[in-house]
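A.B. asks: Going by this note's numbering, the sequence shown opens with residue 261, and the numbers climb by one from there.
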Amino acid sequence: MSGITDLNLLISSMKPNLIEGEFVFCSLPPSALTDYVHLKPIGMFQEKEGMTLILPIEAARQAGLPADPAMRMISLDVHSSLEVVGLTAAFATALGNEGVSANVVAAYYHDHIFVPTADAERAVAALKALSCRSKNPDNSAR
Numbered sequence: 261m262s263g264i265t266d267l268n269l270l271i272s273s274m275k276p277n278l279i280e281g282e283f284v285f286c287s288l289p290p291s292a293l294t295d296y297v298h299l300k301p302i303g304m305f306q307e308k309e310g311m312t313l314i315l316p317i318e319a320a321r322q323a324g325l326p327a328d329p330a331m332r333m334i335s336l337d338v339h340s341s342l343e344v345v346g347l348t349a350a351f352a353t354a355l356g357n358e359g360v361s362a363n364v365v366a367a368y369y370h371d372h373i374f375v376p377t378a379d380a381e382r383a384v385a386a387l388k389a390l391s392c393r394s395k396n397p398d399n400s401a402r
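What follows is the structure, encoded as structure tokens:
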């Protein structure tokens, strides 16, 4: 099942959902992955420098892994196509205008945005405002 490719439809129908808990990005040597797979990472990515794991912050702390910076995850509850053009730019611009850093993971069905814990509520508000502006383009200039 392919996702939505119409940028305006995606933005107007996205529902930013702040996921419970805090997460951290950790890097391990690839050989150490088997020692940490029990931590049940919500994301993994192999880089030339090592394996990046996205873990619940408590799992990282219990394993003695770096637990900073603490991040919150916002999932965009809309099935975006992996080939859509402009979605990441649109929400990155909205968050950047609010001074919120964003680390994005595009998965098969949804985009997930990791933001600093202190900025999470402001980030959700900015994404909701972006969606509202897309629904009502006549109000976007106000």
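Each residue gets a CB set at the ideal place from its N, CA and C atoms; glycine is no exception. Computed from a prediction, not measured in an experiment: that's the story for all the values here.
Along the chain, where does the alpha helix (DSSP H) containing A350 start, and where does it finish?
C.D. replies: L347 to N357
A.B. asks: Out of curiosity, what's the CA-to-CA distance linking F351 and L293?
C.D. replies: 32 Å
A.B. asks: By alpha-carbon positions, which one of G356, Y369, F283 and A366 ends up nearest to L387?
C.D. replies: G356
A.B. asks: For T265, which residues does DSSP report across the bridge?
C.D. replies: According to DSSP, which records beta bridges pairwise, T265 is partnered with nothing at all.
A.B. asks: Comparing alpha-carbon positions, which option in A380, G303, E280 and D295 lies nearest Y368?
C.D. replies: G303
A.B. asks: Specify the secondary structure class of D337 as computed by DSSP and reduced to three states.
C.D. replies: coil
A.B. asks: Leaving out the 5 sequence neighbours to the left and right, which residues in its chain are closer than 7 Å to K395 when beta-carbon positions are compared?
C.D. replies: S272
A.B. asks: If distances are taken between C-alpha atoms only, which option among E358, G310, N363 and S340 comes closest to R332?
C.D. replies: N363
A.B. asks: Taking the C-alpha atoms as reference points, what is the distance between R393 and P376?
C.D. replies: 24 Å
A.B. asks: Report the residue from A378, H370 and A380 whose alpha carbon sits nearest the alpha carbon of T265.
C.D. replies: H370
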